[in-house]
Structures are given as C-alpha cells and as structure tokens.
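Be aware that the sequence shown starts at 239, since it is given in this note's numbering, and climbs by one per residue.
Virtual Cβ for every residue (Gly too), placed ideally from N, Cα, C.
Each remark here refers to the structure printed beneath this line.
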Amino acid sequence: MGEAIQLNMRITLMRHGEPRLAKGRWIAPMQMGQWIDRYNQSVIEDNDIPAECPVAALSASTIVASTAPRACSSARALGELPFMQEAIFIEAGLPFALWKAPWLPSQVWAVIFRLLWLFGYARGADSLAITRRRARAAAERLVALAANGPVLLVGHGIMNRLIGKELQALGWLARNRQGSRYWSMGVYEL
C-alpha cells in the first residue's frame, strides 16, 4: 500500500493581543524610530482574550510564534501550551523618516509610514519585495509543520496577510478573512 495522504490540513494565522504601549503621544517623524523600537519590545495588555483563541491553540498540534515579545506573550496567554519561536514570522518592518515636522500622534505616523511602505518607501525597514520573499518562506515553513497536524501561528497583522496570500498561491483555501483586530484569526485548509 502507498503512503496515506493527510486530508484537511489546517494552518491558523492569529494576530497577537493588544501591545502595552502609550497611545496618543504626538511626535515628529524622526522620533518614529524610537517609537518602533518600543513597540517591537512591548508585551501585550492583560485584557480579555476571545474564547475562540485558546480553543484554536488547544486544537493545534504545533504552535509557533514570531520572536517579538508581543507575539510570545500572546502565545503564553493562550494557556500552558508549548510553542516554538521563529524570527521568520516577525512583523514586516515599519519605515520612518528623519523629518523634524509635522508632529502627529504616533499611531497616525504608523499608518502613514505603512502606506508609504506599500508604495515603495522603506527607510529603516525591508522593502515590500524582500518581505514578500520572507512571507513565501514563512508559508513554506508552516506547510512543512502542517504535515504533522494543525498549526497555529501567533504572528502579526501585515505579515499574516502576506503569509495568507502565499498560502493561497500554494493552493490552500482561505476559510475566512482575517481581520485587522488584535486576536483576529485567518484559517487556511488544504
């Protein structure tokens, strides 16, 4: 008899919980580098986790998280479950500029610089093209892990979307559209 093919392989991409970071502070674009560093070192708030998130973790054979503290603290918040950390799943870098003005809330600058990044501006971050190549490698890594059972990735908003697109390009079916909210999940099956 030939080798059995596993059907209904599943990969769930979950966005991390809300980072513990001061909001609403007005800054100049040149201060975004420091804001990005603080964001990248932040852990999550101790707030309610949607009930479906621990359920997704319990149903996974493998849980993997990016190495970012906000992703790792989110994985720990799902319960006393073992998980791996891999840098390939880290969020797409956010660029910034060295302008002294104008001053805007840091979250506004984050949106502006993310939009600029989508159009090719990448000062201080990997370009969209480089990040897409990393997303392809991340998707292939998840597919390899899924050969041993359902996989849960605790990752990031932009990177999860890029990985999801790569999974679809590899023939995986998106069962739902991942939102942009903290703890949102996208499920892909083969």
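Legend entry - Sequence-distant residues of its chain with Cβ nearer than 8 Å to proline 292 (five each side left out): Position 54 of the sequence shown, counted from the start, is the residue given in the question as residue 292. Once the five neighbours on either side are set aside, the close Cβ partners of proline 292 are Leu316, Gly317.
Inset, instruction - Within its chain, find whatever has a CB closer than 6 Å to the CB of glycine 240; leave out the 5 residues flanking it on each side and keep chain order. - result: Your numbering for residue 240 matches position 2 in the sequence shown. With a pLDDT of 48 at glycine 240, under the threshold of 50, the modelled position of that residue is not reliable, and the figure given next carries that caveat. Closer than 6 Å at Cβ, skipping near neighbours: no residue.
Legend entry - Spatial distance of alanine 330 from glycine 424 (CA atoms): As a working note, residue 330 is residue 92 in the sequence shown. As a working note, residue 424 is residue 186 in the sequence shown. Roughly 18 Å separates the two Cα atoms.
Inset, instruction - Would you kindly work out how many angstroms separate the C-alpha atoms of valine 281 and threonine 305, rounded to a whole number? - result: Within the sequence shown, the letter at position 43 stands for residue 281. Within the sequence shown, the letter at position 67 stands for residue 305. Going by the C-alpha atoms only, they are around 11 Å apart.
Inset, instruction - Drop a sphere of 10 angstroms on the beta-carbon of glutamine 416, count the other beta-carbons inside from all chains shown, and report buried for 16 or more, exposed for fewer. - result: The count along the sequence shown starts at 1 and reaches residue 416 at position 178. With 16 or more Cβ atoms within 10 Å of its Cβ, glutamine 416 is classed as buried.
Inset, instruction - Can you have a look at serine 344 and say buried or exposed, based on whether 16 or more other CB atoms are within 10 angstroms of its CB? - result: For this step, residue 344 is matched to residue 106 along the sequence shown. With 16 or more Cβ atoms within 10 Å of its Cβ, serine 344 is classed as buried.
Legend entry - Proximity winner among Lys261, Ala325, Gly402, Glu290, relative to alanine 412 (alpha-carbon distances): For the purposes of this step, residue 412 is identified with residue 174 of the sequence shown, where counting begins at 1. Answer by Cα proximity: Gly402.
Legend entry - Counted within 10 angstroms of its Cβ, other Cβ atoms place methionine 270 as buried (16 or more) or exposed: Your numbering for residue 270 matches position 32 in the sequence shown. Its Cβ being crowded by 16 or more others within 10 Å, methionine 270 is buried.
Legend entry - Identity of the residues DSSP links to isoleucine 301 by a beta bridge: Mapped onto the sequence shown, residue 301 falls at position 63. According to DSSP, which records beta bridges pairwise, isoleucine 301 is partnered with Leu390.
Legend entry - Simplified DSSP assignment, three categories, for tryptophan 347: Stepping through the sequence shown from its first residue, residue 347 is reached at position 109. It is helical.
Legend entry - Option in His254, Ile249, Thr250 with minimal Cα separation from serine 464: Since the first residue shown for the chain is 239 and the last is 428, residue 464 is missing from the structure and cannot be characterised.
Legend entry - Range covered by the alpha helix (DSSP H) that runs through leucine 383: Counting from 1 along the sequence shown, the entry for residue 383 is found at position 145. Unbroken alpha helix (DSSP H) run through leucine 383: 366 to 384.
Inset, instruction - State the CB to CB distance for the pair proline 333 and alanine 363, rounded to an integer number of angstroms; the pair is presumed to be in contact (CB under 8 Å). - result: Sequence index remark: in the sequence shown, residue 333 carries index 95 (1-based). Sequence index remark: in the sequence shown, residue 363 carries index 125 (1-based). Their Cβ separation, rounded to whole angstroms, is 4 Å, which keeps proline 333 and alanine 363 in contact under 8 Å.
Inset, instruction - Give the DSSP-derived three-state secondary structure of proline 257 in the structure shown. - result: Position 19 of the sequence shown, counted from the first residue, corresponds to residue 257. Note: proline 257 maps to strand in three-state DSSP.
Legend entry - Option in Phe351, Ser312, Val346 with minimal Cα separation from aspartate 286: Within the sequence shown, the letter at position 48 stands for residue 286. Answer by Cα proximity: Ser312.
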